[in-house]
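Everything on this sheet refers to the single structure shown next.
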Amino acid sequence: MPRQTNQVNTQFPDGCKIEISTDGTTGSEWEDIGVLAGGVVATLNWDDYYLDGGNYEGLVDKAKNPVFAIAPSAVLNWDHDVTAHMFPGLMSTADASETPVAGDNVTYAGTSNQVTLTRSKIRLTHYSVAYASQADQYIEWQFTLHNAKIDAGATFNWKGVADDGLDEITVSFSGRPDPASSYVLFTLFEAS
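The numbers in this note's numbering rise by one with no breaks, and the one at position 56 of the sequence shown is 133.
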């Protein structure tokens, strides 16, 4: 069969690093979420708005209410700080001095049956070198989701002896245009 295209696409076969900002939507401090069971799926959606004038076709044809969702595969990192940062506004950490023994607690951050969620930034980065050498000059691409919040729900999976794989947390985020920052929604950077 003859070739059908001359276009060579860039491939990134080894996934990416995923981070969440720990200072809200400022994005100057980042927490590495850690090991994922697989990759990350990012989905851009919007509502169609179409106004037909009856005797004139297509007066208005718009996309409105854009939402960009990120669903990383299962997170295999159970560090208490990372867990709390993955649920900004919903969870917090505290020292556990006695019960059941000395250690750290991750706990619900609300004071009633509702809590105000904190928006943050999510950043995916692909490097051209191994982790030990990751620095800005080795970034091949970087995707930043602005004004993101945790979506409803998450799964904490403590596996049994007969189960394959490791204990895991599944979580997802969605971002909307940020009115406080010129309605930015996402940024996809690719090195030249």
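Each residue gets a CB set at the ideal place from its N, CA and C atoms; glycine is no exception.
query                                                                                                                                                                 : result
Mind checking which residues open and close the beta strand (DSSP E) that includes Thr120?                                                                            : Val117 to Leu128
Applying the 10 Å Cβ sphere with the 16-neighbour rule, what's the burial state of Thr82?                                                                             : exposed
Determine the DSSP secondary structure at Pro149, reduced to helix, strand or coil.                                                                                   : strand
Kindly provide the ranges of any alpha helix (DSSP H) runs that are 4 or more residues long and lie completely inside the region 232 to 260, ordered along the chain. : none
Taking 8 Å as the cut-off, does the region 155 to 171 touch the region 214 to 233 (at least 3 CB pairs, one atom from each stretch)?                                  : yes
How big is the Cα-Cα spacing for Ala151 and Ser249?                                                                                                                   : 10 Å
Rounded to whole angstroms, how far is the Cβ of Gln219 from the Cβ of Arg200, which I believe are closer than 8 Å?                                                   : 7 Å
Cα separation between Val25 and Pro149?                                                                                                                               : In the structure as shown, the chain begins at 78 and stops at 269. Residue 25 is therefore absent and cannot be evaluated.
How many angstroms separate the CA atom of Ser197 from the CA atom of Asp91?                                                                                          : 26 Å
Looking at Val144: is its Cβ nearer than 8 Å to the Cβ of Gly111?                                                                                                     : no
Am I right that Leu292 and Gly130 are in contact with their C-beta atoms under 8 Å? What's the rounded C-beta distance?                                               : Because the chain here runs from 78 to 269, residue 292 falls outside it and cannot be looked at.
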